[in-house]
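Participant:
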Amino acid sequence: MAGSPNASNMVVGLDIGTSKVVAIVGQPTDDGGIEIAGIGSHPFAGYEARRRDQY
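Counting with the numbering used here, you get residues 48 to 102 for the letters of the sequence shown.
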């Protein structure tokens, strides 16, 4: 691990889809990889199907 976890060295991915939201949190490692610290998902029903030009 590349040191103790703190907000300045965490990496976050967020995927907001049409049926769920997924977040993944990790920390860079010394060898250039990412060590996963946590993953979460939750059902999502907040979007209706639309084209980009309809917003």
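For every residue, glycine included, the Cβ atom is placed at its ideal position computed from N, Cα and C. It should be emphasised that the depicted structure is a prediction, and the values quoted were computed from it without experimental measurement.
(1) Using a Cβ-Cβ cutoff of less than 7 Å, which residues in the same chain neighbour PRO75 once the five nearest sequence positions on both sides are dropped?
(2) How far does the beta strand (DSSP E) with SER66 in it extend, from its first residue to its last?
(3) Are the CB atoms of ILE83 and GLY73 within a distance shorter than 8 Å?
(4) Can you check whether the CB of GLY60 is closer than 8 Å to the CB of ALA70?
(5) Under DSSP, the beta strand (DSSP E) around SER88 begins and ends at which residues?
Facilitator: Taking the coordinates as given:
(1) In the sequence shown, the residue the question calls residue 75 occupies position 28. Excluding sequence neighbours, PRO75 sits near ALA49, ASN56, VAL58, ILE81.
(2) Numbered from 1 along the sequence shown, position 19 holds the residue referred to as residue 66. Taken as a continuous stretch (DSSP letters only), SER66 belongs to no beta strand (DSSP E), as it is neither H nor E.
(3) Indexing the sequence shown from 1 puts residue 73 at position 26. Indexing the sequence shown from 1 puts residue 83 at position 36. The answer is yes: Cβ separation under 8 Å.
(4) Working through the sequence shown from its first residue, we reach residue 70 at position 23. Working through the sequence shown from its first residue, we reach residue 60 at position 13. It is a contact, given that the beta carbons lie within the stated cut-off.
(5) By 1-based counting over the sequence shown, the position of residue 88 is 41. That run of the beta strand (DSSP E) goes 81-90.
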